[in-house]
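In terms of my numbering, the sequence shown opens at residue 1213 and continues consecutively.
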Amino acid sequence: MRSSQLYRKMPLLLLFVLLLSCKKNATALSPTNLQLQAEVSSDGSGKVNFTATAQNADRYYFTFGKSSNEEGIRSNDGKVSATYTYSGTFTVKVTAYSADNKSAELSQNVAVTVGNGTEYEGALSYTGMNLVWRDEFDGTSLNPAFWTFETGTGSNGWGNNELQYYRQENTGVKDGFLTITAKKEAFGGREYTSSRIKTQDKKTFKYGRIDMRAKLPKGQGIWPALWMLGNNISTVNWPLSGEIDIMEMIGGGAGRDNTSHGTLHYDNNGYATTGKSYTLPEGIFNDKFHLFSLVWTSTSMKWLVDNQEFYAVDISSSAYNEFHNQFFLLFNVAVGGNWPGSPNAATSFPQQMVVDYVRVFQ
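#1: If you reduce the DSSP assignment to three classes, tell me which class Asn-1556 lands in.
#2: Under 8 angstroms, do Phe-1361 and Asn-1443 count as touching if we go by C-beta distance?
#3: Which residues in the same chain as Thr-1352 place their Cβ atom closer than 8 angstroms to its Cβ, once the five residues preceding and following it in sequence are excluded?
#4: Rounded to whole angstroms, what's the CA-CA distance from Val-1547 to Ser-1367? Just pull it up for me.
#5: For Phe-1573, collect the residues of the same chain with a Cβ closer than 7 angstroms to its Cβ; drop the 5 residues on either side in sequence, then sort them by chain order.
#6: Tell me, which residues are paired with Trp-1515 by DSSP?
#7: Tell me, which residues are paired with Asn-1544 by DSSP?
#8: Let me make sure I understand the geometry here. Which of Ala-1294, Thr-1405, Thr-1391, Thr-1491 has the alpha-carbon closest to that of Val-1566?
#9: Which value, in whole angstroms, describes the spacing of the CA atoms of Gln-1563 and Tyr-1483?
#10: Name the two residues that bound the continuous beta strand (DSSP E) containing Ile-1456.
#11: Taking Lys-1488 as the reference, give the member of Asp-1479, Ile-1458, Asp-1499 with the closest Cα.
#12: Output yes or no for whether 8 angstroms exceeds the beta carbon distance between Lys-1259 and Thr-1295.
#13: Report yes if the CB atom of Val-1304 is closer than 8 angstroms to the CB atom of Val-1252, and no otherwise.
#14: Below 8 angstroms, how does it come out for the segment 1525 to 1536 and the segment 1369 to 1385: are there three or more Cβ pairs, yes or no?
#15: Assuming Phe-1535 and Met-1424 make a contact with CB atoms under 8 angstroms, what is their CB distance in whole Å?
#16: Check whether the segment 1403 to 1413 and the segment 1372 to 1380 touch, using three or more Cβ-Cβ pairs below 8 angstroms as the test.
#17: Starting from the C-beta of Ser-1242, find all residues in its chain whose C-beta is less than 8 angstroms away, skip the five residues before and the five after it, and write them out in chain order.
#18: Nearest by alpha-carbon distance to Glu-1460: which of Leu-1452, Asn-1470, Glu-1397, Pro-1451 is it?
#19: Going along the chain, which unbroken runs of the beta strand (DSSP E) with 3 or more residues stay wholly within the segment 1317 to 1364?
#20: Is Ser-1315 helix, strand or coil by DSSP?
#21: Rounded C-beta distance between Ser-1287 and Phe-1274? I'm assuming under 8 angstroms.
#22: State the Cα-Cα distance for the pair Pro-1451 and Ile-1445, rounded to the nearest angstrom.
#23: Would you give the residue range spanned by the alpha helix (DSSP H) that Ile-1445 belongs to?
#24: Which residues does DSSP list as the beta-bridge partners of His-1473?
#25: Please classify Ser-1530: does DSSP put it in a helix, a strand, or coil?
#26: With distances taken from CA atoms, which of Phe-1262, Thr-1301, Ala-1266, Asp-1270 is nearest Lys-1278?
#27: For the candidate residues Leu-1441, Ala-1437, Leu-1476, whose alpha-carbon lies nearest to that of Ala-1524?
#28: Please classify Ser-1319 as buried or exposed, where buried requires at least 16 neighbouring CB atoms within 10 angstroms.
#29: As an exercise, report each continuous beta strand (DSSP E) stretch of at least 3 residues that is fully enclosed by the segment 1273 to 1305, in chain order.
Laid out in structure tokens, this is it:
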């Protein structure tokens, strides 16, 4: 009797189990409609903000395509950031998980440009600063209200045993660019010619941000510079005047054509100097335009390439008194000298430094 009753009740029990099973399966939904948005920073920093969304998602797991064995990042809200150190197209993968570990995956290619991977454009304004002077090199000649040519061979090759004769004819202005051309040609007893220009007594600056966007020459013995000297150099001489090298490059292959030097020269009970270099992760400075900057306050100096800071100096002590005076700008391309050495058979001429603009913010 009991077995007969149990037999008659089993269909009801089986139905109950099936209903429970269906109810459980109904609540165990997989993530659907998985989407990924990538916000790539435009400042050349390589930072990318990612936002993943999906229905029925409890959490997310990201990998960023940096390497084959990279560790991923888990996110509960689908928001993460990653910073890339070089330019390229990276395959980003996100996996969305439901509460009971059902998953959905999505891969997406993201193109990232890190500072030097593109021709950095610079800016017309910075927070808390105003544009006080600029030269965009419009017109067909250098503006004499801003610039003066320095010509000749200087004293002892401009103090560095440089090989060129500086001439006005080696500077050109066209289509919004200043071009200084170094040539292999005999003139004034020298085998090379080039140009050197300055704003001394015309445009001088104390503190601020100086931006110079330029494409540099290359090759052994080629020495372009964007720099500053104390406007009192005629009365106190160097290094008491102080010298600020925003960009110097000595050409000559790997480790040279891709390296910019930022340096201070000054007097601290005798000649003193401090500086550091920045090397591009890929390419050379002749490939495209780059932005060379100095951020100068009453307490510090910071050097940047494509808005990436690579060196800073505290100038608040009395050792750096020179750098609390007015300074003027200089642009030049030297050939040879103590530091770069002479050109060789592999050095091609002419070589050009092309400057898009110089801007000063205070």
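Built from N, CA and C at the ideal position, the CB exists for glycine as well.
Let's see:
#1: Here residue 1556 refers to the residue found at position 344 of the sequence shown. In the structure shown, Asn-1556 sits in coil (DSSP, three-state: anything other than H, G, I, E or B).
#2: Residue mapping note: residue 1361 aligns to position 149 of the sequence shown, counting from 1. Residue mapping note: residue 1443 aligns to position 231 of the sequence shown, counting from 1. The answer is no: Cβ separation not under 8 angstroms.
#3: For this step, residue 1352 is matched to residue 140 along the sequence shown. Answer for Thr-1352: Val-1385, Lys-1386, listed in chain order.
#4: In the sequence shown, counting from the first residue as 1, residue 1547 sits at position 335. In the sequence shown, counting from the first residue as 1, residue 1367 sits at position 155. So the two alpha carbons sit approximately 15 angstroms from each other.
#5: To locate residue 1573, count along the sequence shown from 1; it is residue 361. So the qualifying residues of the chain are Tyr-1338, Met-1341, Asn-1342, Leu-1343, Val-1344, Gly-1420, Arg-1421.
#6: If you number the sequence shown from 1, residue 1515 lands on position 303. For Trp-1515, which the question treats as bridged, DSSP gives the partners Leu-1506, Tyr-1523.
#7: Residue numbering aside, residue 1544 sits at position 332 when the sequence shown is read from its first letter. Answer by DSSP bridge pairing, in chain order: Arg-1408, Ala-1437.
#8: Numbered from 1 along the sequence shown, position 354 holds the residue referred to as residue 1566. With distances taken between Cα atoms, Val-1566 lies closest to Thr-1391.
#9: If you number the sequence shown from 1, residue 1563 lands on position 351. If you number the sequence shown from 1, residue 1483 lands on position 271. The straight-line gap from Cα to Cα measures roughly 32 angstroms.
#10: The sequence position of residue 1456 within the sequence shown is 244, counting from 1. Taken as a continuous stretch (DSSP letters only), the beta strand (DSSP E) holding Ile-1456 covers 1455 to 1460.
#11: As a position in the sequence shown, residue 1488 is number 276, starting the count at 1. It is Ile-1458.
#12: Position 47 of the sequence shown holds residue 1259. Position 83 of the sequence shown holds residue 1295. Their beta carbons are under 8 angstroms apart, which means Lys-1259 touches Thr-1295 by this criterion.
#13: In the sequence shown, counting from the first residue as 1, residue 1304 sits at position 92. In the sequence shown, counting from the first residue as 1, residue 1252 sits at position 40. Contact flag unset, no.
#14: Because the criterion of three Cβ pairs below 8 angstroms is not met, the segment 1525 to 1536 and the segment 1369 to 1385 do not touch.
#15: Residue numbering aside, residue 1535 sits at position 323 when the sequence shown is read from its first letter. Residue numbering aside, residue 1424 sits at position 212 when the sequence shown is read from its first letter. That belief does not hold up - the Cβ atoms of Phe-1535 and Met-1424 are roughly 18 angstroms apart, past 8 angstroms.
#16: With a cut-off of 8 angstroms, the segment 1372 to 1380 and the segment 1403 to 1413 count as touching, because enough Cβ pairs lie within range.
#17: Numbered from 1 along the sequence shown, position 30 holds the residue referred to as residue 1242. Here the set comprises Asn-1268, Ser-1310, Lys-1314, Ser-1315, Ala-1316.
#18: Walking along the sequence shown from the start, residue 1460 turns up at place 248. Nearest C-alpha to Glu-1460: Asn-1470.
#19: 1343 to 1347
#20: Walking along the sequence shown from the start, residue 1315 turns up at place 103. Looking at Ser-1315 - three-state DSSP - the assignment turns out to be strand.
#21: If you number the sequence shown from 1, residue 1287 lands on position 75. If you number the sequence shown from 1, residue 1274 lands on position 62. With 8 angstroms as the limit, Ser-1287 and Phe-1274 qualify as a contact, their Cβ atoms being about 7 angstroms apart.
#22: Residue 1451 sits at position 239 when you count from the first residue of the sequence shown. Residue 1445 sits at position 233 when you count from the first residue of the sequence shown. Approximately 8 angstroms between the Cα atoms of the pair.
#23: One-based indexing of the sequence shown puts residue 1445 at position 233. It spans 1445 to 1448 - the alpha helix (DSSP H) in which Ile-1445 sits, taken as one unbroken run.
#24: Indexing the sequence shown from 1 puts residue 1473 at position 261. DSSP lists Glu-1460, Ser-1489 as partners of His-1473.
#25: In the sequence shown, residue 1530 corresponds to position 318, counting from 1. Helix, per DSSP.
#26: One-based indexing of the sequence shown puts residue 1278 at position 66. Closest option to Lys-1278, Cα to Cα, is Thr-1301.
#27: Start at 1 with the first residue of the sequence shown, and residue 1524 comes out as number 312. When each option's Cα is compared against that of Ala-1524, the closest is Leu-1476.
#28: Translated into positions along the sequence shown, residue 1319 becomes position 107. With fewer than 16 Cβ atoms within 10 Å of its Cβ, Ser-1319 is classed as exposed.
#29: Entirely contained in the segment 1273 to 1305, the beta strand (DSSP E) runs reaching 3 residues are, in chain order, 1285 to 1287, 1291 to 1295.
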